[in-house]
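In the numbering used here, the protein residues as written are 257 to 534.
All residues carry an ideal CB built from backbone N, CA and C; glycine is no exception.
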Ligand SMILES: Cc1cc2nc3c(=O)[nH]c(=O)nc-3n(C[C@H](O)[C@H](O)[C@H](O)COP(=O)(O)OP(=O)(O)OC[C@H]3O[C@@H](n4cnc5c(N)ncnc54)[C@H](O)[C@@H]3O)c2cc1C
C-alpha cells in the first residue's frame with residue numbers, strides 16, 4: 257500500500273506530576289485543580305506520527321478523550337504539525353477504566369475514518385496501565401506492534417524494531433496497524449514556527465478553529481453510554497495509599513575496579529554495622 261497515508265495519534269492530557277498543586281489531602285488527584293500537561297509518553301507517539309507523515313506523506317489526526325481543557329493537548333499537537341484534532345468529551349465518560357476508555361476511543365477512531373497507522377504512547381503517567389493501545393487494536397481487529405522504538409515503511413509494510421526483555425525484536429506488519437511507541441524512540445522535535453503561528457491565529461478565529469479541532473460526544477461517535485464511565489468500568493479501586501517522600505542520603509563511591517569499589521563500600525561503617533547486625 258503506497259502513500260499518502262491516513263495517520264492517527266492518540267494523545268492524553270495528564271496531571272503535571274512535577275506540581276503538587278491539585279492533590280487532595282488523601283493523596284488522590286484533584287483533576288480540576290491539577291496543572292495539566294501532554295502525557296510525556298505521547299510526545300514519542302506524536303513524533304512517530306509526524307515522522308510517518310513527513311517521510312511517507314499523508315495526514316495526521318490527533319484524538320484525545322477528556323474534559324474540555326484536554327483541547328490544550330490537541331492545540332499542542334497542532335503546533336507540532338498534525339492536521340486536525342478530535343476531542344471526545346462527555347460527562348458520561350467520568351470514571352472510565354481502561355476497558356471503557358479503549359471502547360470510547362475505538363468508537364471515536366471509527367467515527368473519524370479509516371486509518372493506515374494508529375500511534376499510541378506506551379503508557380500514561382497517571383493511569384499507567386499500558387492497556388489502552390492493545391485493547392483498541394483488538395477492538396479494531398488490527399495487528400499491533402508494541403514497545404516500538406523505530407520503524408520504517410517499505411513496500412507498504414511496516415518494519416519495526418520493538419523492545420523485548422534482554423534485547424530487541426524486528427517485526428514486519430501489514431497495514432493498517434496500531435503501534436505503541438516506546439520512550440526510546442526519537443524525542444519530539446520543536447514546534448514549528450508555522451504551526452505555532454497557525455494555532456495563535458486559530459485561537460483568535462474560533463469559527464475556523466472548530467473546523468480543525470472538533471469536539472464530539474458519545475452520541476456523535478455512536479458509543480453506547482452504558483459501556484462508558486462508571487457503568488462500563490468493571491475495575492474497582494478498593495484502596496489507595498500515599499507513597500511517602502523518599503528519604504535517606506546517598507554516597508557515591510569511586511574506584512577503578514569492582515574490587516576497589518567493594519573494598520571502599522566495606523570500609524564504610526554503616527555497611528559494617530549492617531553486616532554485623534544481620
Ligand atoms: C475505577 C477507575 C476510575 C477512574 N476514573 C478516572 C476519572 O474519573 N478520570 C480520569 O481521567 N481517569 C480515571 N481513571 C483512569 C483511567 O481509567 C485511565 O487513565 C484510562 O483508562 C487510560 O488508561 P491509562 O491512563 O492507563 O492509559 P495507558 O493504557 O497507559 O495509555 C496508553 C496510551 O493510550 C492512549 N490513551 C490512553 N488514554 C487516552 C485518552 N484519554 N485520550 C487519548 N489517548 C489515550 C495514549 O496514547 C496513551 O499513551 C480511572 C481508573 C479507574 C480504574
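Considering only 372, 520, 470, the residue with the shortest C-alpha distance to residue 321 is 470. Judged by DSSP secondary structure, residue 469 falls within the beta strand (DSSP E) whose first and last residues are 469-472.
Between residue 351 and residue 486 the beta-carbon gap is near 4 angstroms, inside 8 angstroms, which marks them as a contact. For residue 473, the shortest separation between its Cβ and any heavy atom of ligand 1 does not lie below 7 angstroms. Straight-line measurement puts the Cα of residue 399 at about 27 angstroms from the Cα of residue 270. In the pairwise beta carbon analysis, the region 307-316 is classified as not touching the region 359-370: fewer than three pairs are separated by under 8 angstroms. Contact between the region 295-302 and the region 361-380 is established, with three or more Cβ pairs separated by less than 8 angstroms.
In this structure, DSSP gives residue 408 an extended state, which the three-state scheme calls strand.
Annotation for residue 493 indicates a beta carbon within 7 angstroms of some heavy atom of ligand 1. Here residue 348 has 474, 481, 484, 485 as same chain residues with Cβ atoms under 7 angstroms from its own Cβ, once five neighbours each way along the sequence are excluded. By the Cβ neighbour-count rule, residue 407 is buried, with 16 or more other Cβ atoms within 10 Å of its own. Inter-residue distance for residue 355 and residue 387 is about 9 angstroms (C-alpha atoms, whole angstroms).
Note on residue 379: 16 or more other CB atoms within 10 angstroms of its CB, so buried under the neighbour-count rule. Here residue 369 is exposed, its C-beta having fewer than 16 other C-beta atoms within 10 Å. One alpha carbon belongs to residue 507, the other to residue 296, and they sit about 30 angstroms apart. Comparing alpha-carbon positions, the option among 338, 318, 314, 329 lying closest to residue 450 turns out to be 338. Spanning the alpha carbons of residue 446 and residue 454 requires a straight line of approximately 15 angstroms.
Setting aside the 5 residues that flank it on each side, residue 458 is surrounded in the same chain by 464, 465, 468, each with a C-beta closer than 7 angstroms to its C-beta; the list follows chain order. With a 10 Å radius around the Cβ and a threshold of 16 neighbouring Cβ atoms, residue 268 comes out buried.
Restricting attention to alpha helix (DSSP H) runs no shorter than 4 residues, the region 258-324 encloses them at 296-312, ordered along the chain.
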